[in-house]
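Going by my numbering, 35 is the number at position 35 of the sequence shown; the sequence numbering is gapless. Ideal placement from N, C-alpha and C gives every residue a C-beta, glycine not left out.
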Amino acid sequence: MDARAVGLFDSGVGGLTVLHECLVTLPHEDFVYLGDHARLPYGPRPLPQVRGFAREIGAFLEAQNVKLIVVACNTATSAALPDLQSELGVPVVGVITPEAHAAVQATRNRRVGLLATQGTVDGGRYRDLVHALDAGVAFRAVACPRLVPLIESDDPYGEETERAVREYAAPLKDAGVDTVILGCTHYPLIRPVFQRVFGRDVTLVFSAEETAREVSDTLVRKRIENDAARMGAYRFLTTGDPSAFRDMGRRFLQLPIGEVEHVAVSRLEGAAA
1 MDARAVGLFD SGVGGLTVLH ECLVTLPHED FVYLGDHARL PYGPRPLPQV RGFAREIGAF
61 LEAQNVKLIV VACNTATSAA LPDLQSELGV PVVGVITPEA HAAVQATRNR RVGLLATQGT
121 VDGGRYRDLV HALDAGVAFR AVACPRLVPL IESDDPYGEE TERAVREYAA PLKDAGVDTV
181 ILGCTHYPLI RPVFQRVFGR DVTLVFSAEE TAREVSDTLV RKRIENDAAR MGAYRFLTTG
241 DPSAFRDMGR RFLQLPIGEV EHVAVSRLEG AAA
């Protein structure tokens, strides 16, 4: 058994939806989560810049003696996953591959849609992975720049959020997709809105659930899982304001958040040097 923690990171609190599913799926494992609040959002940034941030955080987490790293951010996964997997000495799991697999398995008419940030859409990794699994799938991606700010607002379930979801969903519905990848870790928080807009005939694929399964499978396959009889713990780091992280994070994690440690960006930059 391997008692080391699993590391996760995101630009902010969205990746806490992935941590939540990991805590439910793997209650015996320890986790450490880093939110790079000082440099959020990642979505509108150039992918090479995001790649640099991800490499810094990956090196930092590896130095914290984690046994596996989860890139709990779709934009960072799109920008940096191959680099992290080749550079780091621990397994690295992203949030895109598990979703692409799930979508190809779920679609009945071979028409798959994607809703995500601009950076994730521009990165093209969902399209490439879906077509690598089934070249005959018709794939349509739509960038949703208004959704993350709305989900982080004081009224994530308000009329404005539903209007935005309907606007972004319209091209996918017109294309006749029967499966939609919700390619941002913020989106599980408004699952009922997506289900209302798309209806029961469209399968919605969320990154958090699929990624947690991939983490579990990887730990078992690498034989680095922890003792199943123990109760795991989790802790938090942020490059931003710990109080703001704690307040917003509770909404996304839906579990208690205790002390949050501040990590200076210079420490991340130094880890990759």
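M248 counts as buried, since at least 16 other C-beta atoms from the protein chains shown sit within 10 angstroms of its C-beta. Looking at the backbone, the Cα of G232 and that of G183 are separated by about 28 Å. A229 and D2 have their alpha carbons spaced roughly 13 Å apart.
The continuous alpha helix (DSSP H) containing E162 extends over residues 159–174. DSSP places G12 in the coil class of the three-state scheme, outside both helix and strand. According to the DSSP assignment, G94 belongs to no alpha helix (DSSP H) but to the beta strand (DSSP E) extending over 92–94. In this structure, DSSP gives H262 an extended state, which the three-state scheme calls strand. Between Y157 and V193, the alpha-carbon positions lie close to 7 Å from each other.
If you draw a straight line from the Cα of G199 to the Cα of R213, it is about 25 Å long. CA-to-CA, the gap between A38 and G240 works out to about 5 Å.
Restricting attention to Q49, C144, R45, V66, the CA atom closest to the CA of V165 is found in C144. Rounded to the nearest whole angstrom, the C-alpha separation of E99 and F206 is 7 Å. If you check the CB distance, N74 and A116 come in under 9 Å. The shortest CA-to-CA distance from E209 to any of D10, V177, G7, L23 is the one to L23.
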